[in-house]
Amino acid sequence: RSDLPIPSLASPLSLATLASVSSPPSASLVGLNTSEGSEQPSPEQLPGSPSERQLAVDEKILNRLFWYFSACEKCVLAQVCKAWRRVLYQPKFWVGLTPVLHTKELYNVLPGGEKEFVSLQGFAVRGFDGFCLVGVSDLDICEFIDNYPLSKKGVKSMSLKRSTITDAGLEVMLEQMQGVVRLELSGCNDFTEAGLWSSLNARITALSVSDCINVADDAIAAISQLLPNLTELNLQAYHVTDTALAYFTAKQGYTTHTLRLNSCWEITNHGVVNMVHSLPNLSVLSLSGCSKVTDDGVELVAENLRKLRSLDLSWCPRITDMALEYIACDLHKLEELVLDRCVRITDTGLSYLSPMSSLRSLYLRWCCQAVSHLESWGAGFFGVLVFWGAGFFRVLVFGMLVFWGDSVPCPLAGCPLLTTTGLSGLVQLQELEELELTNCPGATP
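Residue numbers for the sequence shown follow my numbering, so the first one is 323 and each next one is one higher.
Right, here's the structure in full:
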């Protein structure tokens, strides 16, 4: 049927995950060590009558059928016969997937003990334009560039995790791979801020840097000066200070719409002042783990970033109910609010959010002073929730309380003030299907 939905594909695609799928012995799941000329049964060799065999290799049927299999299943199905492989190796079946390649998977050991870089032709045929390399060195990256046919122009996204890439390796990679516009560096401790100055270029529009010990304020200076077209910056760096948030240029103030500052412990309200003036067009902001930010910082955000649709304040222990009042008053377009581990939030603060008709998702995991009397929310916040129903509200999490569309699981975790009486407020939720009460000592049978 033409109106059947096309399932979405999970991302990224890990070789470790693929390896868990049963497959014929010595067969490659994703194309490593396997050439296009590998022996596979022809249509005539398939079991069944001639008409059944013909249907089994009908490309029109297969092009519709294969949408209903997961990525791991497609890797196995591609080994059935050449006809299936030809259909499955069309790039359309692999859009949105990112292969994850670990160092040991990049080489074959020859009989003499020497190593040979594996063939990546199977990836090229499927048109993969993004890769995640784990545990690689400068030499491994150079080998990847030399052996992947699309590396020079066709790769748009590169992620390096727990790797020993140096300043020189980073410079060579970005110089050779001219198509890269999205870059992630995670757990890479051998490059320095000088390497960012020498390698970053204006074509990069999205950058993520986390757990890289040599990243501090000068790295932000390099990013602000060298990436005028930056639309998204994800940063987790313990040594970045308030000063760095004033480095962003006027061009980035116009183009940058997503900023995630995760566990940037040195950022204070002064840094928030610099940020809201430098990047006034943000629609997604995360200050998760920025533990020095207070209600005053949230007030600055609410007053100056009116376009925000997503705000993450999780693990900000100084945030109180007052911050929620600022949010409710000024952020009228906000759709997602994350308050996990904001331990000073109470029911009073949550009541401020009830008029926010745009809010779709609210996360309150381990807010130990909140959700103490759900029954009183029946006419208030829950009343709004029930009114919104499946039409507006999508996700509500209390501890781990989730209401999602028409299918409503309700796990509660880490809400010590919750009582049996309070749970009576949930009777209005007609779509409730699942209730979890982990670490809620006040809830009894």
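For every residue, glycine included, the Cβ atom is placed at its ideal position computed from N, Cα and C.
Smallest Cα separation from residue i: which of the options?
i, options, result
"Ser-508", "Glu-554, Glu-497, Ser-530 and Leu-555", "Ser-530"
"Asp-539", "Glu-436, Ala-566, Ser-520 and Ser-610", "Ala-566"
"Leu-505", "Gly-418, Lys-483 and Leu-472", "Lys-483"
"Asn-591", "Asn-584, Thr-563 and Ala-572", "Thr-563"
"Val-456", "His-424, Ser-479, Trp-519 and Phe-391", "His-424"
"Asn-536", "Trp-519, Leu-552, Ala-528 and Leu-548", "Trp-519"
"Trp-389", "Gly-517, Thr-642 and Val-417", "Val-417"
"Cys-689", "Cys-651, Val-660, Ile-526 and Tyr-576", "Val-660"
"Asp-462", "Gly-491, Ser-683 and Gly-476", "Gly-491"
"Ala-692", "Asp-662, Met-678 and Leu-681", "Asp-662"
"Ser-680", "Cys-651, Gly-452, Cys-664 and Asp-669", "Cys-651"
"Leu-675", "Glu-658, Arg-666 and Val-665", "Glu-658"
"Leu-419", "Asp-451, Asp-468 and Met-495", "Asp-451"
"Ala-393", "Ala-378, Phe-415, Asn-385 and Leu-384", "Phe-415"
"Gly-449", "Pro-413, Lys-655, Cys-397 and Asn-523", "Pro-413"
"Leu-653", "Arg-682, Asp-643, Asp-669 and Val-623", "Val-623"
"Glu-438", "Asp-468, Val-422 and Leu-522", "Asp-468"
"Lys-426", "Leu-387, Gln-443 and Phe-466", "Phe-466"
"Met-499", "Ile-589, Val-398, Pro-550 and Ser-521", "Ser-521"
"Asn-523", "Gly-501, Leu-428, Glu-395 and Ile-589", "Gly-501"
"Leu-627", "Glu-515, Val-598 and Ser-683", "Val-598"
"Tyr-560", "Cys-534, Thr-488, Lys-474 and Leu-548", "Cys-534"
Can you tell me whether residue i is helix, strand or coil according to DSSP?
i, result
"Asn-385", "helix"
"Leu-630", "coil"
"Ser-479", "strand"
"Glu-506", "strand"
"Ser-673", "helix"
"Val-537", "coil"
"Val-660", "strand"
"Arg-408", "helix"
"Cys-690", "coil"
"Leu-522", "coil"
"Met-499", "coil"
"Gln-547", "helix"
"Gln-376", "helix"
"Ala-516", "helix"
"Ile-542", "helix"
"Cys-397", "helix"
"Thr-668", "coil"
"Val-768", "Within the shown structure, residues of the chain are numbered from 323 to 767, placing residue 768 beyond reach of any answer."
"Val-402", "coil"
"Thr-742", "helix"
Going along the chain, which residues of its own chain have a beta-carbon closer than 6 Å to the beta-carbon of residue i, five neighbours each way excluded?
i, result
"Val-606", "Thr-580 and Ser-632"
"Thr-486", "Ser-459 and Asp-512"
"Val-447", "Tyr-411"
"Leu-472", "Ala-446"
"Gln-558", "Ser-532, Asn-584 and Ser-585"
"Arg-407", "Ala-400"
"Gly-593", "Asp-564 and Leu-567"
"Ser-344", "Because the pLDDT at Ser-344 is just 40, under 50, the model does not fix this residue reliably, and the point stays unresolved."
"Ala-645", "Asp-617 and Val-620"
"Ser-546", "Tyr-569, Phe-570 and Thr-571"
"Gly-611", "Asn-584, Ser-585 and Trp-637"
"Leu-432", "Glu-438"
Taking DSSP's pairing of strands, which residues face residue i in a bridge?
i, result
"Pro-763", "Paired residues: none, contrary to the question."
"Ala-528", "Arg-504 and Glu-554"
Spatial neighbours of residue i within its chain, please: C-beta separation below 7 Å, excluding the five flanking residues on both sides.
i, result
"Ile-542", "Val-562, Ala-566 and Tyr-569"
"Val-402", "none"
"Asn-596", "Asp-564, Leu-567 and Ala-568"
"Asn-385", "Val-409"
"Cys-464", "Val-494"
"Asn-355", "Low confidence applies to Asn-355: its pLDDT is 44, below 50, so where it sits in the model is not reliable, and the reading given next is rough at best. Around Asn-355: Asn-430, Val-440 and Ser-441."
"Gly-575", "Ser-600, Leu-601, Pro-602 and Asn-603"
"Glu-381", "Val-409"
"Ser-608", "Arg-582, Leu-583, Asn-584 and Asp-634"
Could you name the residues of the same chain whose beta carbon sits closer than 8 Å to that of residue i, not counting the 5 residues immediately before and after it, in chain order?
i, result
"Val-503", "Lys-478, Ser-479, Arg-525, Ile-526, Thr-527 and Ala-528"
"Glu-647", "Gly-671 and Tyr-674"
"Ile-641", "Val-615, Thr-616, Asp-617, Val-620, Leu-635, Leu-661, Cys-664, Arg-666 and Ile-667"
"Gly-613", "Looking at the sequence itself, residue 613 is Ser, so the reference to Gly does not match. Result list for Ser-613: Trp-587, Trp-637, Cys-638, Pro-639 and Arg-640, in chain order."
"Thr-578", "Leu-552, Thr-553, Glu-554, Leu-555, Phe-570, Leu-601, Asn-603 and Leu-604"
"Gly-435", "none"
"Leu-308", "One cannot answer for residue 308 here, as it falls past the ends of the chain, which runs 323 to 767."
_Ranges of the beta strand (DSSP E) found wholly within the stretch 549-621, counting only runs of at least 3_ = 554-558, 580-583 and 606-608
*asked:* Which runs of the beta strand (DSSP E) at least 3 residues long sit entirely within the stretch 631-658? Give them in chain order.
replied: 632-634
*Which ranges would you report for the alpha helix (DSSP H) in the stretch 414-485 if only whole runs of at least 4 residues count?*
443-447 and 460-469
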